[in-house]
Structure formats: C-alpha cells, structure tokens
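Read in order, the letters of the sequence shown correspond to residues 2 to 970 in this note's numbering.
Glycine residues also receive a C-beta, built at the ideal position from the N, C-alpha and C atoms.
Beneath this line is the structure, given in structure tokens, with notes to follow.
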Amino acid sequence: MSHGFTKVRELEIPEMAATAHLYRHDRTGARVLSIVNDDENKVFGITFRTPPKDSTGVAHILEHSVLCGSEKYPVREPFVELLKGSLQTFLNALTFPDKTCYPVASANTSDFYNLVDVYLDAVFFPRLTENTLKQEGWHLELAGRDKPLTYKGVVYNEMKGAYSSPDSLLHEHSQQSLFPDVTYGLDSGGDPAVIPDLTFEGFMAFHRDHYHPSNAYAYFCGDDDPDTRLAILDAVFSRFEPREVAASRVPLQPRFTEARALRKPYPASERLDKAMFTVNWLLAETADPNLNLAMHILEHILVGLPSSPLRKALLDSGLGDDLAGVGLEADIRQMFFSVGLKGMHPSNAIKVEAIVFHTIKELVEGGIDPRDIEAAVNSVEFDLRENNTGSYPRGLSLMFQALSTWLYDDEDHEGDPLLLLPFEKPLANIKGWLASGERIFEELLARLFLHNPHRTTVLLEPDRKMAKRMAADESARLKAVKEAMTPADLDRVMSEAKELSRLQGEPDAPEDLASIPRLSLADLPAGNKAIPTEARTLGATPLLFHDLTTNGIAYVDLAFDLAVVPDELLPLVPILGRALTETGTARRDYVDLSQWIARTSGGIWAQSFTAPVLDSDRAEGRFMIRAKATAEKFAETAEILTEILTSARLDSRERVGRIVSEARARAEQRLVPSGHQVVATRLRARTHAAHAMEERMSGVTGLLFLRDLEARIENDFRSVAKDLERLRGLLLARPGLVVNATMDAETLTRCEPALAAVAAALPETQAAMVPRGPLDLPGREGLAIPAQVNYVGKGVSVAEHGLSFNGAALAVNKLLRTGYLWEKVRVQGGAYGAFCLIDRIGGGIAFVSYRDPNLAATLDAFDAAADHLERLDLSENELEKTIIGAIGELDAYQLPDAKGFTALVRHLTGQTDAYLQTLREQTMATSRQDLADFARAVRANAAHGAVCVLGDEEAMTASGLDLDITRVL
2 MSHGFTKVRE
12 LEIPEMAATA
22 HLYRHDRTGA
32 RVLSIVNDDE
42 NKVFGITFRT
52 PPKDSTGVAH
62 ILEHSVLCGS
72 EKYPVREPFV
82 ELLKGSLQTF
92 LNALTFPDKT
102 CYPVASANTS
112 DFYNLVDVYL
122 DAVFFPRLTE
132 NTLKQEGWHL
142 ELAGRDKPLT
152 YKGVVYNEMK
162 GAYSSPDSLL
172 HEHSQQSLFP
182 DVTYGLDSGG
192 DPAVIPDLTF
202 EGFMAFHRDH
212 YHPSNAYAYF
222 CGDDDPDTRL
232 AILDAVFSRF
242 EPREVAASRV
252 PLQPRFTEAR
262 ALRKPYPASE
272 RLDKAMFTVN
282 WLLAETADPN
292 LNLAMHILEH
302 ILVGLPSSPL
312 RKALLDSGLG
322 DDLAGVGLEA
332 DIRQMFFSVG
342 LKGMHPSNAI
352 KVEAIVFHTI
362 KELVEGGIDP
372 RDIEAAVNSV
382 EFDLRENNTG
392 SYPRGLSLMF
402 QALSTWLYDD
412 EDHEGDPLLL
422 LPFEKPLANI
432 KGWLASGERI
442 FEELLARLFL
452 HNPHRTTVLL
462 EPDRKMAKRM
472 AADESARLKA
482 VKEAMTPADL
492 DRVMSEAKEL
502 SRLQGEPDAP
512 EDLASIPRLS
522 LADLPAGNKA
532 IPTEARTLGA
542 TPLLFHDLTT
552 NGIAYVDLAF
562 DLAVVPDELL
572 PLVPILGRAL
582 TETGTARRDY
592 VDLSQWIART
602 SGGIWAQSFT
612 APVLDSDRAE
622 GRFMIRAKAT
632 AEKFAETAEI
642 LTEILTSARL
652 DSRERVGRIV
662 SEARARAEQR
672 LVPSGHQVVA
682 TRLRARTHAA
692 HAMEERMSGV
702 TGLLFLRDLE
712 ARIENDFRSV
722 AKDLERLRGL
732 LLARPGLVVN
742 ATMDAETLTR
752 CEPALAAVAA
762 ALPETQAAMV
772 PRGPLDLPGR
782 EGLAIPAQVN
792 YVGKGVSVAE
802 HGLSFNGAAL
812 AVNKLLRTGY
822 LWEKVRVQGG
832 AYGAFCLIDR
842 IGGGIAFVSY
852 RDPNLAATLD
862 AFDAAADHLE
872 RLDLSENELE
882 KTIIGAIGEL
892 DAYQLPDAKG
902 FTALVRHLTG
912 QTDAYLQTLR
922 EQTMATSRQD
932 LADFARAVRA
942 NAAHGAVCVL
952 GDEEAMTASG
962 LDLDITRVL
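Now the structure itself:
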C-alpha cells in the first residue's frame, strides 16, 4: 500500500545490509527516507530546514518549545514524560546551523511507535504560548520596583554558557568568517546579546513558516514494518495543505576573490590569557561522494595522527599548546576546513599562518609520504566497515549523513539523501587512482587549499576586561529598559513572572498525564540479558572472553591494576597512556609508530577506569590499553602492543613535554563546557577512594598537577622521566593483568596465540598494593573561572550515615531527575540542566546543576528535594512510568564492543549476574516507601553534604555561601 506516498527511488546498500526507499507525500510533498535492515534499535527522525535570518536563536528556542505540550498530549513537558517512562535508546532534539532535528530510537517496537507519535504531534501541533517563549527563550524578572531587571530563560542561560567557552567561540567565528552572506554566518543557537530581540510574533511566524510537511524530511531505519511507517506519517501529513517552501532553501556562499582576516576577543582571566588562531578554507559542496570521502582521508593525512605532517609542524613549532580548529566540517552544504593553534601569543599568528602554508606547499611539491596515505586510507576504511557509533544508534548516524546532502535543493536540483551512504564505489575509485600513481591528495591540497582565495584567518584574543564589560553592557541595557517603563509596566513584569512561576509549579492533570502512551510493567522482560562471559586463561593471565558477533573485528582490553600505583604517581597515568603510543619505541620513532598503528589496526589507545567494589571498601582501578583490529591483522597489532608496552621511549623531553602541554590545555578548556562533570568528580572524591583516584587523574587535582609538571619538565626533566619509568615498572607487569576479549569464537581462535604472546612478554614484577582513602577537600569550595554561568553541586557519602542504595533507588533517582529537579532548577530556575548522581555501590549521592544562573537558590532546591519526596502523592501510573524508565536505563542498548567492556567492568567490581538480577527485581518492585527511604539519603546530603561551585568569582563572593574560593582559570 502507498498510504498517500509515491516511491521515488529504491536502492540496495550491501555495505550496510540495507534497502533504502525514498518517498514523496502526494498531498504535501513531504520527503521520506525509509531504510529497512535487521537493526532492532529502530530510529525515527523528523527534520525541518530552519535557516535563521538573525542570531536571536529562534530555531533553537523553538526546538525546546515544541516539546512543551501538544494537541494530543496537553501536558507541560511530554518530552520529560517520555524520559521518565520509556525504553528509549535515544530521545533528543538538536538545532544545527541550517536544520532542526527531532530523533528518537528504541529497540522495543511498541515503545518506538509511542515515541514517534508523541514527537510528530509535538512538532506539528505544539501548544505555543507567550509563556512558552518566556520559559524556554527569555523573559524579564524583577524582584521589586527598586530592584534591577534581570533576564531569565533556559536557552538564554545555555548560550551564556556557550559564549563563556573560547573553543565554542572560535568555532563560531571561524565558520561565520567563511559564510558572511548566508545562514552559516549567523548563530542559530542564539547570541545572548541578541536573544532578547526575539518577539512572540517572530517566534510564532518561524514555526508557521518552517514546521510544515512541505518543509519536512522524515526518516526511519530498522527492522520495523515499512508499511506501518508510511501509514503513521500519512495520518499526520494529510492534515495539511501543500505549501511553497523555497524560502527555506540554503543558498551557496558566493566565493571570495581574496582572503579575509578577523580578530575577536574572548573573556579571559589571569590564567586563561592566551590567544587562539585558525586558518579556514571554504572547500566544495558536500554532495560529491568521491570528493567527500577523499576529503575525510585528507583530513586524516593532515591532522589525524600525532605524526600527521600539518599537526606535527604546528605543534613542533612550540608556538602553541594544542591544535585548534574543527578540521573538516562536512555536515553542511559546503564543506570547510579549519586548523591552527591555541595557547599562543597573539603576535605569533602570522608565524602560525606561515607554517600552515609552508607545510601544505611542501606536501604539494614534495609529495605526501605514501605511509601517511596508507595509514589514512586504512583508518577511514576501518571506520566505515566497523560502523561503530558508540552510544548513538547506528541508524541515527546514517540519518545525519543522509541529511548532509538531502536538504539542499536548487530550482533545477533536488537534494539526494543516498549520495554518501554507499561507500564501496568511492572507496574503490580512490584506491584505484592511488594504485595508478595519481597524486589525488596533492592535487586537492593545491586546488582547495594552496590556490584557494576563499579563506580566512581568525585570531581570538584574550580580553581580561571582557567579562565585566559584557555584564556591564547587559546591566546598562536592562537599566535602559527599566527607565523606559512606567510603574504599571514594572508591576506587569512582576505579575507576568509570578504567573509564569505559578504555571511552572502547577501539576498536570492526571488524565492528561495518562494520555502519554507507554508500555506497562507486563511488557518488560523479567530477566536481564546476560552478556556472554567465559573465564579462561592465557598461560597464567586471566582472560575474559565474550562470544559476540563483531563482523570479524577483535576488540581487546589489557587491564593493568592501578592498586600498585602510589597516589603521587596517579596523575601521571594519563600521560603514560599517551606516551606509549606517541613517543616512539626503542625500534622506531613516533612518526613510524603512529603510521604503523594506523595502517595495521582500527586504533590503540589508553583509558583509565576506577570504581568502588561491591560488598567491599576496596577501590578498583585499572589502566587499560585498548585495541581493535581485523582478525587478519591482529597478529601484527599484537606485535605493536608488545613493542609499546615493553620498549616505549619515555625519555624524550620534547615529546613528553608536548603531551603534557596538550593535556593541560585540554583540561583547562574542559572546565567551561563540562563544568558539571568537574564538580561531580570533585564532590565524589570526598566520598570514596575510587573517586579520589579519578579526581587525581582527571579532575581539578589532576589539572593542578599538570601545571606543576610543565614547570618540572622545563627545569628538571630527568626527575619526570624517572617518575615515568617508575610508573611503567610498577604498572605494566603481568601480575594483576586481566585480558578482555570481545569477538566470536572463530576470531578468538585466530587471535589467542598472539594475545598470549603479548602477556608473556610482560615482566613478572610484583608490587605491593597501596592503601587509599577519599580526598580531604574544603567543605564549601568555590572554583573560579571566567564564565557567565555556574555549575553548582552538593554531595555526601550516605554510607557514612548508615544508609545504602538498592535497585529501587534507580527508579526514585529517575523520578527526581525528570520531575523535581527538572522543574525547580531548569524550568523555574533557568539552568540548562540538573542531575542527581548516586553511587549505588560506594554509597554516595551528589546533586549538580549545569549552566546555572543561580547559586544559593539551586542549593536550596537540592536540600528541599527530601521534603518533596516525602510529600509527593505519586499515582500508580506515575510510579509505574518511573519504573519503566529506570529499567530502560538498566537495559541500555549497546554495540558488541561496549557489551564486552561492560562485562569487564562488572567482573572487576563484583557485579555478578545474580546481583544484577536482584537489582532489576528491586527496581521493578519500587514502592512509595522507597521514596521515603531515598529522602533519608537526600536529607543526609542537605545536613552534611559538601558544596562545590564552579563559576564566576564575583557571583560566588556575593552569594553569601561562605565559599573557600580558588581561581582555577
């Protein structure tokens, strides 16, 4: 049956074992890509072309707003209700420079169609009001006639956080410099200085003009019935008349005839006071399959490895701390490339630009090292064939790839979503051209880089006064607004804010909540899906084998025991991890080693893991060397592992110094975009030795260590090299090693001898285990950074107060996160997010906010959560919904390599299948009494919890929280 659609095209894609069907809706012209394969993790997405005309953030604010109630589902937050009570494996909405996407995914078919139904109603029939714009976008607040006006709003505060990140600003300015005449020259997310210019009329007009089937791109992928997909869509699309949507087309940026330069400031501090610089080129349209794939390979050649020629030239110059720029951007209509340095003096920008062009010129004239080309082709091909999308559903990755060519129409040309999905032909073309001696990458460098006048340079300079100037500008603007108001206007602002707060606190009607479709507890499997795990040995070394289908790829983890590493050496562990693959070995320099790894394997990298152990006060910590390779190349990959583990050079001051500088710069840059994680790690370090290890290796403690380490490398590198050698001697030994292998049985048979050889080559060093405990940190701590928003946290060890968590705590925590915290801290408080993190094994709890305009008010909301739980009159419907959502998190969909790693973690922390089944049953049996039990833990946090705030120093000083403030940036 056609269900009102005409099939435009059908294409078999053998690379993905899929068939793609392309449709047009007869009535409205809506476009549909329906991919049929055997992936149980089904994906749906509805996307609209939404190129903005300004930087008010209207597309971004609408992305939030349409999920705040709809025609069929008139509750305040259907999105949150789905988060509470769905088995979703992905549920989000995303704003891009030229499109807005609403994707969902689930491995349960009934649940999947529920998600699709709610999302379709949300985007096409939302209940948009002025209060929706005020809540999600911006509004004025006034505490009294004699008080100053302030701006509030979720997106407003989110973007203030984004504009506090130099990396985010650099990306925006680099892209906008290349596209001054089209949508990519604006900020679709919203500039905080411009967001208050958005009117309700403009808000509603944008939805009317863009959220229509004629401007829609619907996508399905997975093993559900393809006929049902069309019937669902037609039932919605047929309610609309066709509309002309040419106005939403994304035009091509006209070409420059000469290069341009841009200089911009960013909010700096005493510590964060270095410049960032990029050279940027507009390349070509994304839609050429051969060129698109060739550009991805060329990106890898230039900057993909530590030894890549352009990366190496820039970093070896010593002019900066780390690489800057996004590299290749290929998700918009015209590709661009951006590269440069960060952590540099502004006066060196001209030198950096000269290095970039000199290196490219040398590559064009002298030719690219064939080993770099081989390594890049192998790496890109491996990624294509593996199709490992991490925690993202595979179908979602395909959707974004299809959209990169689907959206872009001209009057005589229609976008094609299938151009880039089949990769065998362009890959074969490139290999064939290379085999015949064609210098395709040198020619691309000459044409698109060296002789391309459409290029820009962007210099982002530190400005220590900028943060205060921005705050003063905002205050002046608000003062002018207030001065233009009459007393009646001021009363109206207060009245409207009060009404908004009332509506935000008003519960949904039970019958409206019941309208949200969901599964029942009876639909959930009673048992966990066990990950196949067989305990074996490689000689005297324990081997965990997970017999899973991996399409001939071997995933291996070598887990070394961190229990033997003293606390003073723990912060060196991440440096050792990078040094093993980035400093060279006794037999080859780091360039040869990088090339060897890339042309042989799918990657070799280090990763640390720490966690409490079940029914023990012990902290489990592992330093893991992880590798993946095809079965055919695993023996050679094992040779690489043996060489780096036994003979990596740790005595190169230049290479170790470079690794440390990059690590320090990246840790500093992480503070603003990932401030909630920084605060959570800091709080948890007080509660358990395992989390103290994490803080020493990757938290603020680790950052402070890296700063001292840089000085030691400059003044006393011999002592640093000695510490690295000591660490290697303690850590990289066969005793304490656990090998984890995820692959099918046939692949293991082929790989096992090589794995055994790696273990046998390690020294038999025996070392004593080191006693550990939590960190002693200030009880009320402020970490000052130059930011316009805050990250507020409070946490405690409930175990110290005689409390513990069982499986029911997972459901109550889910309820708290998606209910009370969402409403109090995000909706009413204006923060972008808030979390409650429980350590069910170690017995810790922490509340953390994200991009938060508040301080004391957020801590008050955290403390009041106990009262909320004790007073909450939870209906059976809401309780069951919460349980379903918690089970969905327990049953999170994973690809085979992630399953194998999860099984390793469970083994190391004592989580047996029997324990996990008990956890599931406790979750399924959650009752109202469990809310009161959880409230005891929250009350312990309110009474005894430590406070940690990362954010603006002046705000912390003025907060009255009596924080012990340290400037970390």
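By DSSP, does residue i sit in helix, in strand, or in coil?
i, result
"ARG659", "helix"
"GLY416", "coil"
"PRO266", "strand"
"MET467", "helix"
"ASN281", "strand"
"GLY528", "coil"
"VAL673", "coil"
"PRO127", "strand"
"LYS100", "strand"
"ALA19", "strand"
"GLU95", "Rather than Glu, the amino acid found at residue 95 in this sequence is Leu. Correct three-state label for LEU95: strand."
"VAL251", "coil"
"HIS140", "strand"
"THR903", "helix"
"GLY305", "helix"
"LEU856", "coil"
With respect to the beta strand (DSSP E) encompassing residue i, which residues constitute its N-terminal and C-terminal limits?
i, result
"ALA810", "Unbroken run through ALA810 is the alpha helix (DSSP H), 809-816; no beta strand (DSSP E)."
"HIS61", "HIS61 -> not in any beta strand (DSSP E); alpha helix (DSSP H) instead, spanning 59-66."
"GLY796", "792-798"
"PRO613", "604-613"
"SER35", "32-37"
"ASP548", "542-548"
"GLY538", "A small correction: the amino acid at residue 538 is Thr; Gly does not occupy that position in the sequence shown. Segment 535-539, the beta strand (DSSP E) holding THR538."
Provide the residue span of the alpha helix (DSSP H) that contains residue i, from first to last.
i, result
"ASN349", "Here ASN349 belongs to no alpha helix (DSSP H), and DSSP marks it neither H nor E."
"VAL9", "No alpha helix (DSSP H) holds VAL9; the beta strand (DSSP E) holding it covers 6-14."
"TYR152", "TYR152 -> not in any alpha helix (DSSP H); beta strand (DSSP E) instead, spanning 151-153."
"LEU399", "395-407"
"ALA636", "635-648"
"THR750", "746-761"
"PHE1", "The shown model of the chain, from 2 to 970, leaves out residue 1, and the question about it has no answer."
"VAL592", "591-601"
"LYS882", "877-891"
"ALA429", "425-436"
Looking at residue i and the ligand ZN, is the gap between the Cβ and the nearest heavy atom below 8 Å?
i, result
"ILE333", "Among the ligands in the structure shown, none appear at all, so the ligand ZN cannot be discussed."
Which partner residues of residue i appear in the DSSP bridge assignment?
i, result
"ASN716", "In the DSSP output, where bridge partners are listed per residue, ASN716 has none listed."
"ARG968", "ALA785"
"ASP558", "ARG627, ASN741"
"SER45", "The residue you asked about is not Ser; residue 45 is Phe in the sequence shown. Beta-bridge pairing links PHE45 to VAL105, PHE221."
"CYS949", "GLU782, GLY794"
"PHE848", "LYS795, CYS837"
"TRP341", "It should be noted that the sequence gives Gly, not Trp, for residue 341. GLY341 pairs with THR279, ALA325."
"GLN335", "GLU286"
"TYR24", "LYS8, VAL33"
"ASP411", "HIS414"
"VAL459", "LEU263, THR279"
My assumption, with CB atoms under 8 Å, is that residue i sits in contact with residue j. Please give the rounded CB distance.
i, j, result
"VAL195", "THR57", "5 Å"
"GLY154", "GLY831", "6 Å"
"TYR74", "SER516", "6 Å"
Consider the Cβ of residue i: report whether some Cβ of chain B lies at a distance smaller than 9 Å.
i, result
"ARG708", "The structure shown has no chain B; it contains just one protein chain."
Three Cβ pairs or more, each shorter than 8 Å: is that satisfied between the stretch 207-226 and the stretch 387-404?
yes
Closer than 8 Å is the cut-off here; do at least three beta carbon pairs connect the stretch 196-213 with the stretch 380-390?
no
With contact counted as at least three CB pairs below 8 Å, one residue from each stretch, are the stretch 936-943 and the stretch 757-768 in contact?
no
Could you tell me whether the stretch 769-780 touches the stretch 655-668, where touching means 3 or more Cβ pairs closer than 8 Å?
no
Under 8 Å: do the stretch 601-610 and the stretch 717-737 share three or more Cβ pairs, one atom per stretch?
no
Are three or more beta carbon pairs between the stretch 328-336 and the stretch 292-308 nearer than 8 Å?
yes
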